[in-house]
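Undergrad: Input: one structure, supplied below.
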Amino acid sequence: MGGEVVVIDHPLVQHKLTRMRMKERSTQGFRRLVKEVSMLLAYEITRDMPVTFETIETPLQTMEAPVIDGKKLVLVAVLRAGVGLLDGMLEILPSARVGHVGLYRDPKTLEAVEYYKKLPEHLAERDVLILDPMLATGNTAVAATDLVLQEKSRSVRFVSLLAAPEGIESFHKVHPEVPVYTAAVDERLNEKGYILPGLGDAGDRIFGTK
Ligand code: URA
1 MGGEVVVIDH PLVQHKLTRM RMKERSTQGF RRLVKEVSML LAYEITRDMP
51 VTFETIETPL QTMEAPVIDG KKLVLVAVLR AGVGLLDGML EILPSARVGH
101 VGLYRDPKTL EAVEYYKKLP EHLAERDVLI LDPMLATGNT AVAATDLVLQ
151 EKSRSVRFVS LLAAPEGIES FHKVHPEVPV YTAAVDERLN EKGYILPGLG
201 DAGDRIFGTK
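Quick note: the sequence shown uses the working numbering, first residue 1, plus one each step.
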């Protein structure tokens, strides 16, 4: 049985994603769109976040009003491209904690190799969103999720902009309990492990390195 895949098909997300895919999009334009889409993804993904109630005073009377505990949430950016999703997410989740994991794809084997890990403390009390714009082969997603689960976080979700069907399948073979949130599931991977039709190299397009 496959794991859960949630496609955020809100028209605003889909429209912005289309504009990001266009090869003529400038670095500045791409970055702005990543930020906007990240905010919208965060909005959708957190819609089931638990709320607690606080006693507050409106100008008219006292009430019990709902608040979320933003500190319980951890955003884990997979270096390098995952960092691109942080800006927008932190804009609407300003008290979330942030972790980083460094994983690069060996160009020959396409396997994920760990080179950096710094996660917030007390993950057992926290809900984690792992951020990586491209869920391609699934190897990086599996490795990043392994690292987070080693710390026994309260919950984990994997968040991407685009996912390949092959990547989702491999990911859920290893981590069927971890839901995948994505703006689109594309057609397939090419022989170099790039998503088709995709948007190219997300890191290069966010940081303008090519
Ligand atoms: N990483 C990217 O940046 N793009 C892809 O298409 C696949 C992996």
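We treat Cβ as the ideally placed atom computed from N, Cα and C, and that holds for glycine.
1) Decide if the stretch 61 to 69 is in contact with the stretch 104 to 113; the criterion is three or more beta carbon pairs, one per stretch, under 8 Å apart.
2) For A136, name the three-state secondary structure that DSSP assigns.
3) Three or more C-beta pairs under 8 Å: does that hold for the stretch 80 to 100 against the stretch 167 to 175?
4) Taking only three categories from DSSP, how would you classify Y43?
5) Which runs of the beta strand (DSSP E), 3 residues or longer, sit entirely within the stretch 89 to 127?
6) Closer than 6 Å: is that where the CB of Y104 sits relative to any heavy atom of the ligand URA?
7) With distance defined between alpha-carbon atoms, name the residue in E125, F158 and V142 nearest to V113.
8) Can you tell me which of F53, T55 and V98 puts its alpha carbon nearest to the alpha carbon of V74?
9) Anyone know if the C-beta pair for S153 and L123 falls short of 7 Å?
10) According to DSSP, is M63 helix, strand or coil?
11) Among T27, R47, A183 and V178, which one has its Cα closest to the Cα of M134?
12) Evaluate S38 with the Cβ neighbour count: other Cβ atoms within 10 Å of its Cβ, from every protein chain shown; 16 or more gives buried, anything less gives exposed.
13) For the ligand URA, any of its heavy atoms closer than 6 Å to the Cβ of D201?
14) Give the DSSP-derived three-state secondary structure of V178 in the structure shown.
15) Starting from the C-beta of Y194, find all residues in its chain whose C-beta is less than 8 Å away, skip the five residues before and the five after it, and write them out in chain order.
16) Assuming Y181 contacts I8 (C-beta within less than 8 Å), just tell me the rounded distance between them.
17) Where does E4 fall in DSSP's three states?
18) When you measure from the CB of I168 to every non-hydrogen atom of the ligand URA, does any distance come out below 6 Å?
19) Would you check whether the ligand URA has a heavy atom nearer than 6 Å to the C-beta of G198?
TA: In short:
1) no
2) Position 136 of the sequence shown, counting from 1, holds the residue named residue 136. A136 falls in the coil class under three-state DSSP.
3) no
4) Your numbering for residue 43 matches position 43 in the sequence shown. Of the three classes helix, strand and coil, the one that applies to Y43 here is helix, per DSSP.
5) 97 to 105 and 112 to 118
6) As a position in the sequence shown, residue 104 is number 104, starting the count at 1. The answer is no for Y104.
7) Taking the first residue of the sequence shown as position 1, residue 113 is located at position 113. Minimum Cα distance to V113 is reached at V142.
8) On the sequence shown, position 74 is the one that residue 74 refers to. Out of F53, T55 and V98, V98 has the C-alpha closest to the C-alpha of V74.
9) Translated into the one-based positions of the sequence shown, residue 153 becomes position 153. Translated into the one-based positions of the sequence shown, residue 123 becomes position 123. For S153 and L123, yes; Cβs fall inside 7 Å.
10) Stepping through the sequence shown from its first residue, residue 63 is reached at position 63. Strand.
11) In the sequence shown, residue 134 corresponds to position 134, counting from 1. Out of T27, R47, A183 and V178, A183 has the C-alpha closest to the C-alpha of M134.
12) Numbered from 1 along the sequence shown, position 38 holds the residue referred to as residue 38. Classification for S38: buried.
13) As a first step, residue 201 is located in the sequence shown; it is residue number 201 there, counting from the start. At least one heavy atom of the ligand URA is nearer than 6 Å to the Cβ of D201, so yes.
14) On the sequence shown, position 178 is the one that residue 178 refers to. Three-state result, V178: coil.
15) In the sequence shown, residue 194 corresponds to position 194, counting from 1. A136, G200 and D201.
16) Locating residue 181 in the sequence shown gives position 181, counting from the first residue. Locating residue 8 in the sequence shown gives position 8, counting from the first residue. Confirmed, Cβ separation roughly 6 Å.
17) Within the sequence shown, numbered from 1, the residue matching residue 4 stands at position 4. E4: coil per DSSP, three-state reduction.
18) For the purposes of this step, residue 168 is identified with residue 168 of the sequence shown, where counting begins at 1. Not under cutoff, so the answer is no.
19) For the purposes of this step, residue 198 is taken as residue 198 along the sequence shown, with counting starting at 1. Yes; taking the cut-off as 6 Å, the Cβ of G198 has a heavy atom of the ligand URA nearer than that.
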